[in-house]
């Protein structure tokens, strides 16, 4: 009794022969005899016929093969191979390279041990850098780009200072030792929680709470621990899922949608995420991670909605993403300056 | 296995990442990733590709760009229509879901062909995609007609095995809506009743 493999081979052979134009009467008779000889022959033939027929749907591949786009890509492929060009060429390659250096040193942070006060530790990140700092009590500080934080652990306080930039704090619970983040504009006090503080300037900051609750204590409030705790009872609280703008006092507290919260915190994963944000805001945010100045001359572009996300530090890709997401082209106009223009206007 | 298919398998993650940057839905990323493979494989069957990885990534970026342009155009009037010819499939009258399904199957069929050894791949491509007859294939490959026939027949068996390995039942493919097929899928009866047209029987000596 023939095995399945040889039955299939015979069936395939018949099928291909019968699909030709010049099938003889003798062959047709021979085929009918073969097919009638066993149910397995018939099954194999019909099964393979379905596979054969399925490939009729693949005839569109012939159209793909001669598409304009493929013709263009093939021409590029041949040209590249001929010239031996390796890697992507871009008007921004020079800029990207200069920033890549920044990115490369980004992992090594500047740790300054303040010798006059051995308990105060200082951490700073340059533009484009990020750093995670593990604190002795198990709390964690994640420092974003161009930021500066100091901390001092005393017997009964955990005293953090955010001097510049933005940081995410994941606070180990310790009711006896409040975790305070001192900023030029005031103090944020937490017991066990996760939140970010971002300094917009010397007197204004954004506070975003991912877990738990924090309270804001104005700068002129008393400094002693008991007094802080007492003051915090009365102070404005910001709870999980809320964001607050603080300027001397809490200016506004808004509820933030979980998705928006995730986007606001996406820098911790080394990613910037946007969802329909105006281009001007996106540029401002991207600008925090690079020393390149990004300009928009065409004011009508400022409100262009931008969605998508890209990796921090991959500046070349950031511009590429803006090109793709917003149909814009980045033109280099100086050593550290790029202008965004509409794709069609870009001079190539 | 074809160069493009090999490079695709090695760089699928990088291709996905290109789309994942701009498209949040997993189905979109999957669909576009497959589209890249289909396009590049089709190009490869036309001309040898010297740098398959660069070719795939460039094609992916082009596709991401044209898809994003479409998307942006629908949400804002400020981007001018540049009229790119980035639609290959006849979309008229086909629902998005059906089209997606069709593209997945097209990707599966392409991969089945791409996984064949070179001469089997060329023979099968010429027979099924370019619709050439065995004599023409034999001339182009510079082999005998019976060798060409053997290549096509064995390629069919290898394709079937590949599709089954990928979890497809050949029967499923019968359900594909006819987008551009030249003729309906035949069934066995066609061969039983086809008249006794004359014509010389094809030589088949070296089995």
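Protein chains in written order, with my numbering: chain A, 1 to 348; chain B, 1 to 207.
Even glycine gets a Cβ: it sits at the ideal position worked out from N, Cα and C.
Item, Value
"Spatial distance of residue 203 of chain A from residue 328 of chain A (CA atoms)", "35 Å"
"Chain-order list of residues whose beta-carbon lies under 6 Å from that of residue 16 of chain B (same chain, five-residue window excluded)", "29 and 33"
"Within-7 Å CB hit, residue 264 of chain A to chain B", "no"
"Minimum Cβ-Cβ distance from residue 59 of chain A to chain B less than 7 Å", "yes"
"Interface residues of chain A facing residue 120 of chain B [CB-CB closer than 7 Å]", "Chain A residues near residue 120 of chain B: none, gap ~12 Å exceeds 7 Å."
"Segment contact, 8 Å Cβ cut-off, at least three pairs: the segment 262–270 of chain A with the segment 331–343 of chain A", "no"
"Which residues DSSP lists as bridging residue 150 of chain A, in chain order", "A/122 and A/161"
"Interface flag, residue 308 of chain A vs chain B, CB-CB below 7 Å", "yes"
"Classification of residue 101 of chain A by the beta-carbon crowding that lies within 10 angstroms, buried from 16 upward", "For residue 101 of chain A, the predicted structure reports a pLDDT of 34, less than 50, and the residue's modelled location is therefore unreliable. A value from the coordinates is still provided. Exposed: under 16 other Cβ atoms inside 10 Å."
"Beta-carbon proximity of residue 122 of chain A to residue 142 of chain A, cut-off 7 Å", "no"
"When B/145, B/114 and B/54 are compared against residue 228 of chain B, the one with the closest alpha-carbon", "An answer regarding residue 228 of chain B cannot be provided, because it is not within the stretch 1 to 207 covered by chain B."
"DSSP state of residue 190 of chain A mapped onto helix, strand, coil", "strand"
"Separation of residue 63 of chain B from residue 19 of chain B, as counted between CA atoms", "9 Å"
"Reference residue 167 of chain B, options B/120, B/119, B/109 and B/128, closest by Cα", "B/109"
"Under 8 Å from the C-beta of residue 12 of chain A: neighbouring residues of chain B", "153, 154, 156 and 157"
"Chain A within 7 Å of residue 2 of chain B, Cβ atoms only", "no"
"Own chain residues within Cβ distance below 6 Å of residue 81 of chain B, not counting five before or after", "Residue confidence is low: residue 81 of chain B scores 40 on pLDDT, short of 50, so the model does not pin down where it sits. No coordinate-derived value is stated."
"Simplified DSSP assignment, three categories, for residue 168 of chain B", "coil"
"Contact residues within the segment 21–43 of chain B, judged by C-beta distance below 7 Å to chain A", "21, 22, 38, 39, 42 and 43"
"Proximity winner among A/179, A/253 and A/8, relative to residue 154 of chain A (alpha-carbon distances)", "A/179"
"Beta carbon proximity, residue 16 of chain A to chain B, threshold 7 Å", "yes"
"C-alpha distance - residue 321 of chain A paired with residue 250 of chain A, whole-angstrom precision", "36 Å"
"Between the CA atoms of residue 16 of chain A and residue 47 of chain A - distance to the nearest angstrom", "14 Å"
"Of the listed residues A/276, A/206, A/136 and A/280, nearest to residue 244 of chain A (C-alpha basis)", "A/206"
"Rounded C-alpha distance that separates residue 131 of chain B from residue 4 of chain B", "23 Å"
"According to DSSP, residues forming a beta bridge with residue 295 of chain A", "A/339"
"Residue 58 of chain B: contacting residues in chain A (beta-carbon distance under 9 Å)", "73, 76, 77 and 88"
"Close beta carbons around residue 146 of chain A, own chain, < 6 Å, minus the five adjacent residues each side", "127 and 165"
"Sufficient close CB pairs (3 or more, under 8 Å) joining the segment 151–163 of chain B to the segment 5–21 of chain A", "yes"
"Beta carbon proximity, residue 160 of chain B to chain A, threshold 7 Å", "yes"
"Distance between beta carbons of residue 280 of chain A and residue 263 of chain A, contact taken as under 8 Å", "At roughly 17 Å, the Cβ-Cβ gap does not stay under 8 Å, so residue 263 of chain A and residue 280 of chain A are not in contact."
"Outcome for residue 105 of chain B when other beta-carbon atoms lying within 10 angstroms are tallied against a minimum of 16", "buried"
"For residue 16 of chain B, three-class secondary structure by DSSP", "helix"
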